[in-house]
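Protein chains in written order, with our numbering: chain A, -3 to 289; chain Y, 24 to 128.
So the structure is just underneath, and the comments pick up after that.
Structure representation (structure tokens):
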């Protein structure tokens, strides 16, 4: 069966059908992301209600996020240039621009993968005293945890930021004392470790389990911020993968349709491009909300 | 929409201009996030400025990359409804946050 109005516009709508289809789909996508963005608003407003709780800011890798923004905006341009090349019937240029788009998408995912793995191998130990010790290589040894603490300097700042992030919310102590403790970053001075923590000669911390509420990596369960961060960026990354599948199909199989009806392929690329711009658009909001503000 | 080859070549130059504008705006967003705007201990100034820039960038992408600057009325009608619904969704969350329901018992 022939699908009608793939190239020529319908009289009553003035559009070819796929154009309406993709916009209806994008409308539903706006509501999907809108639901998660409103969760973000709700969580963030709620975090302001807890005394001593400060929403974590600048805890993600800003250069990596900025680089990914650049890559994604760049891929938005290349996808539209590939469409323009098809409109001009320049097949070679179409292949080049579409190839670059796919390369950008792959780069985005690889960078995101590095960011994720950095968070998954970075641990935080929530002490009963309200402090949070952060570091790498967390292991359980009998009645103790061992942890290689973050280096002083940038690591100490990271510890302070996550201590603020967790204080009063995840821990059950009084918010007042946590506020003061949060200003003492872990590892600031060697004698300032909370009770139950001893520093071994090689610099590793030995932490009594009895003094610990919980210990985990900076995954979704770490705190509210990481929960919404992984949910939003995870869904966005799935959209990037979905976009790659569609654009990859045009790249590898487009020649079949191009020989029969090049205008139809150009329209398909426009539709795929519209989805791709939407993915870019979501990232334009995600980047400042999660990395910067 | 019928695009002549000349028109498309002109568009291409325009798209690259938009790309440059988006990059500049991204740099501005990153820079501004390290400068505190508004009273001490209040993040709302930065939030408003950051979101305004993001909305402007989204507008550029929507209007020019997604061709919304010259689209058919039916598309606008779909988007007006989407806009109303998504803003309504945000407002519902904000309203439910500010509505302190008294305990039942």
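Beta carbons are placed, not taken as given, at the ideal position from N, Cα and C, and that holds for glycine.
- Rounded to the nearest angstrom, the gap between the Cα atoms of residue 207 (chain A) and residue 102 (chain A) is 44 Å.
- Between residue 131 (chain A) and residue 119 (chain A), the gap from beta carbon to beta carbon is short of 8 Å.
- Within chain A, the residues 53, 54, 58, 284, 287, 288, 289 have their CB atoms less than 9 Å from the CB of residue 56 (chain Y), given in chain order.
- If you draw a 10 Å sphere on the C-beta of residue 284 (chain A), you find 16 or more other C-beta atoms in it, and that means buried.
- Comparing alpha-carbon positions, the option among A:79, A:-1, A:121 lying closest to residue 38 (chain Y) turns out to be A:79.
- Under the three-state reduction of DSSP output, residue 143 (chain A) falls in the strand class.
- In terms of Cα proximity to residue 223 (chain A), the closest of A:51, A:250, A:124 is A:51.
- Less than 8 Å divides the Cβ of residue 37 (chain A) from the Cβ of residue 116 (chain Y).
- Judged by their CB atoms, residue 230 (chain A) and residue 115 (chain A) are not nearer to each other than the 8 Å cut-off.
- Listed along chain Y are 26, 31, 32, 34, 35, 38, each with a C-beta nearer than 9 Å to that of residue 80 (chain A).
- The contact set of residue 273 (chain A) on chain Y, defined by CB atoms closer than 9 Å, consists of 84, 85, 88, 89 in chain order.
- DSSP places residue 2 (chain A) in the coil class of the three-state scheme, outside both helix and strand.
- For residue -3 (chain A), DSSP assigns no beta-bridge partner whatsoever.
- In the assembly as shown, residue 287 (chain A) is a buried residue. Its beta-carbon has 16 or more other beta-carbons within 10 Å.
- Comparing alpha-carbon positions, the option among A:9, A:15, A:7, A:10 lying closest to residue 260 (chain A) turns out to be A:15.
- Cα atoms of residue 122 (chain Y) and residue 107 (chain Y): separation of roughly 22 Å, rounded to the nearest angstrom.
- Residue burial is scored here from C-beta neighbours: residue 111 (chain Y) has fewer than 16 other C-beta atoms within 10 angstroms and is therefore classed as exposed.
- Taking the C-beta atoms as reference points, residue 81 (chain A) is found no nearer than 8 Å to residue 49 (chain Y).
- Taking 8 Å as the CB threshold, residue 51 (chain Y) stays off the interface with chain A.
- Going by C-alpha positions, residue 56 (chain A) is about 26 Å away from residue 97 (chain A).
- For residue 38 (chain A), the chain Y residues whose C-beta falls within less than 7 Å of its own C-beta are 116, 120, listed in chain order.
- For residue 91 (chain A), the enclosing alpha helix (DSSP H) begins and ends at 87 to 116.
- For residue 16 (chain A), the chain Y residues whose Cβ falls inside 8 Å of its Cβ are 97, 98, 101, in order along the chain.
- Chain-order list of chain Y residues neighbouring residue 65 (chain A): 49, by C-beta distance under 7 Å.
- Around the Cβ of residue 8 (chain A), a 10 Å sphere holds fewer than 16 other Cβ atoms; the residue is exposed.
- For the pair residue 91 (chain A) and residue 262 (chain A), the CB atoms are not nearer than the 8 Å cut-off.
- In the DSSP assignment, residue 200 (chain A) falls outside any alpha helix (DSSP H), carrying neither H nor E.
- Among the CB atoms of chain A, none fall inside 8 Å of the CB of residue 61 (chain Y).
- Taking all protein chains in view, the Cβ of residue 52 (chain Y) is crowded by 16 or more other Cβ atoms within 10 Å, so the residue is classified as buried.
- The alpha-carbon separation between residue 43 (chain A) and residue 225 (chain A) amounts to approximately 15 Å.
- A distance below 8 Å between beta-carbons, with the five flanking residues on each side excluded, links residue 212 (chain A) to the following residues of its chain, in chain order: 119, 120, 218.
- CA-to-CA, the gap between residue 117 (chain A) and residue 30 (chain Y) works out to about 52 Å.
- Secondary structure within the stretch 224 to 266 of chain A: not one fully enclosed alpha helix (DSSP H) run of 4 or more consecutive residues is present.
- With a threshold of 8 Å between beta carbons, residue 73 (chain Y) makes contact with chain A.
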